[in-house]
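Colleague: One structure coming up, written as structure tokens, with questions to follow.
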Amino acid sequence: MDSSIRKFIFHDLQAIEGYIDPPDALVFLAVLLSQESASLQGSLAEIGVYYGRSYFLLRKICGDAAKIVAIDPFDIVNPDRGTTQYERFVAGGRRLGLSVDAECVIKSDSTLLQPENITERAGAVRFFSIDGGHMLHHVASDSRLAAASLAEHGIIVFDDTFNPAWPEVTAGVTDFLREEAGRFSVFCLTKYKTYVCRQPFHEFYARAIRTSTDLKAFEHIETAFLGSTAIRLHNPIRRRIAHEVMVGLGLRALSERVYR
Ligand SMILES: C[S@@+](CC[C@H](N)C(=O)[O-])C[C@H]1O[C@@H](n2cnc3c(N)ncnc32)[C@H](O)[C@@H]1O
Numbered sequence: 009m010d011s012s013i014r015k016f017i018f019h020d021l022q023a024i025e026g027y028i029d030p031p032d033a034l035v036f037l038a039v040l041l042s043q044e045s046a047s048l049q050g051s052l053a054e055i056g057v058y059y060g061r062s063y064f065l066l067r068k069i070c071g072d073a074a075k076i077v078a079i080d081p082f083d084i085v086n087p088d089r090g091t092t093q094y095e096r097f098v099a100g101g102r103r104l105g106l107s108v109d110a111e112c113v114i115k116s117d118s119t120l121l122q123p124e125n126i127t128e129r130a131g132a133v134r135f136f137s138i139d140g141g142h143m144l145h146h147v148a149s150d151s152r153l154a155a156a157s158l159a160e161h162g163i164i165v166f167d168d169t170f171n172p173a174w175p176e177v178t179a180g181v182t183d184f185l186r187e188e189a190g191r192f193s194v195f196c197l198t199k200y201k202t203y204v205c206r207q208p209f210h211e212f213y214a215r216a217i218r219t220s221t222d223l224k225a226f227e228h229i230e231t232a233f234l235g236s237t238a239i240r241l242h243n244p245i246r247r248r249i250a251h252e253v254m255v256g257l258g259l260r261a262l263s264e265r266v267y268r
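Numbering (this note's numbering), first residue to last: 9 to 268.
And the structure:
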């Protein structure tokens with residue numbers, strides 16, 4: 009348990025507007041640390057950067073030398089602030105003391121990209137987060153792009169799975185898993201995300217989740233899903249409420265203790 013990264017997750021990172029909450033940030037940490045300790049090499053990639061909450065988590069965990077491919081059209085207009093989405097992304101990093109590698113930023117609709125656009129910049133990817141367009145054609149295209157640029161030992165994480173607000177994400181992920189039956193399988197499920205790897209690495213990543221000290225606060229429930237057994241990390245409502253109460257009282261830095 010690295011207390012400085014935990015403080016970053018529960019406190020500093022929350023200053024960036026965005027969509028990764030502490031429980032999934034802890035799963036990112038567990039997966040990345042397991043790759044590091046097994047010397048599994050490769051770059052990182054994200055489709056759907058927004059203002060960089062997940063990007064800066066990856067940067068903080070993996071350091072300045074890591075290649076992180078950041079894919080987003082960066083065309084969200086912030087009329088009240090007079091800055092572009094991209095400027096706000098970079099400014100957020102500056103506030104956190106974290107860098108953006110502009111050579112690995114791809115300002116584009118992800119569905120227009122080829123795997124080489126990623127691998128020529130950064131090599132094969134070991135950690136690929138998909139959180140861009142949320143319609144079926146986006147997820148179909150993004151999952152193919154991720155699979156084709158992934159290292160053998162890489163993982164793909166899909167955001168907003170099982171969220172009734174975005175049913176086509178769930179449809180797209182299950183289509184992908186059925187098409188790839190026997191090749192890719194799900195090793196972890198959270199309230200918001202689905203974590204996938206190639207079959208031969210399923211036990212490696214399941215073990216990483218099972219044994220991570222950062223994840224021991226969650227209930228670990230074995231859940232059958234399209235031919236594999238995933239570990240579903242259940243976050244009981246009492247803990248979520250305790251966390252929100254502490255945040256509401258302005259005790260963000262201490263709110264980490266609820267998840268020990
Ligand atoms: C929910 S936000 C992502 C949140 C982010 N992952 C975080 O950690 O805060 C969705 C992002 O996807 C981007 N997006 C939407 N459609 C996209 C597409 N077709 N290709 C790439 N990015 C897309 C949007 O511009 C937006 O920044």
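For every residue, glycine included, the Cβ atom is placed at its ideal position computed from N, Cα and C.
(1) What first and last residue would you give for the alpha helix (DSSP H) that runs through His210?
(2) Can you tell me whether DSSP reads Thr92 as helix, strand or coil?
(3) Ile164 to Ala155, Cα distance in whole Å?
(4) Identify whether Thr182 lies in helix, strand or coil by the three-state DSSP scheme.
(5) Out of curiosity, what's the CA-to-CA distance linking Ala53 and Gly256?
(6) Taking the continuous alpha helix (DSSP H) assigned at Glu44, which residues delimit it?
(7) Please go through the same chain and pick out, in chain order, the residues whose beta-carbon is closer than 7 Å to the beta-carbon of Met143, but skip the five residues on each side of it.
(8) By DSSP, does Ala132 sit in helix, in strand, or in coil?
(9) Closer than 7 Å by C-beta to Tyr63: which residues in its own chain qualify, once you throw out the five before and the five after it? Chain order, please.
(10) Please report the straight-line C-alpha distance between Tyr306 and Ala225, rounded to a whole angstrom.
(11) Looking only at C-alpha atoms, which of Tyr94, Leu41 and Asp88 sits nearest to Ile69?
(12) Let me make sure I understand the geometry here. Which of Phe82, Gly162 and Val253 has the alpha-carbon closest to that of Gly131?
(13) State yes or no: is the C-beta of Ser107 within less than 9 Å of the C-beta of Arg67?
(14) What's the gap between the Cα of Arg215 and the Cα of Lys199?
(15) From the DSSP output, read off the bridge partner residues of Tyr203.
Modeller: On the basis of the supplied data:
(1) Counting from one through the sequence shown, the residue named residue 210 turns up at place 202. That run of the alpha helix (DSSP H) goes His210 to Thr219.
(2) Walking along the sequence shown from the start, residue 92 turns up at place 84. Strand at Thr92.
(3) Here residue 164 is taken as the residue at index 156 of the sequence shown, counted from 1. Here residue 155 is taken as the residue at index 147 of the sequence shown, counted from 1. For Ile164 and Ala155, the distance between alpha carbons rounds to 8 Å.
(4) Taking the sequence shown and counting its residues from 1, the one referred to as residue 182 is at position 174. Correct three-state label for Thr182: helix.
(5) Locating residue 53 in the sequence shown gives position 45, where the first residue counts as 1. Locating residue 256 in the sequence shown gives position 248, where the first residue counts as 1. Distance between the alpha carbons of Ala53 and Gly256 is about 33 Å.
(6) As a first step, residue 44 is located in the sequence shown; it is residue number 36 there, counting from the start. Segment Pro30 to Ser45, the alpha helix (DSSP H) holding Glu44.
(7) Position 135 of the sequence shown holds residue 143. So the qualifying residues of the chain are Glu176.
(8) Here residue 132 refers to the residue found at position 124 when the sequence shown is read from its first residue. Ala132 carries a coil assignment under DSSP once its states are collapsed to helix, strand and coil.
(9) Translated into the one-based positions of the sequence shown, residue 63 becomes position 55. Closer than 7 Å at the Cβ level, and outside the excluded window around Tyr63, lie Glu54, Val57, Ile76 and Ala78.
(10) Lying before the first or after the last residue shown, residue 306 is absent from the chain, which here runs from 9 to 268.
(11) Start at 1 with the first residue of the sequence shown, and residue 69 comes out as number 61. Considering only alpha carbons, the answer is Leu41.
(12) Within the sequence shown, numbered from 1, the residue matching residue 131 stands at position 123. Nearest of Phe82, Gly162 and Val253 to Gly131, Cα basis: Gly162.
(13) Start at 1 with the first residue of the sequence shown, and residue 107 comes out as number 99. Start at 1 with the first residue of the sequence shown, and residue 67 comes out as number 59. Against a cut-off of 9 Å, the Cβ pair of Arg67 and Ser107 comes out as a contact.
(14) On the sequence shown, residue 215 is found 207 positions in, with the first residue counted as 1. On the sequence shown, residue 199 is found 191 positions in, with the first residue counted as 1. CA-to-CA, the gap between Arg215 and Lys199 works out to about 20 Å.
(15) Translated into the one-based positions of the sequence shown, residue 203 becomes position 195. In the DSSP output, where bridge partners are listed per residue, Tyr203 has Val165 and Cys196.
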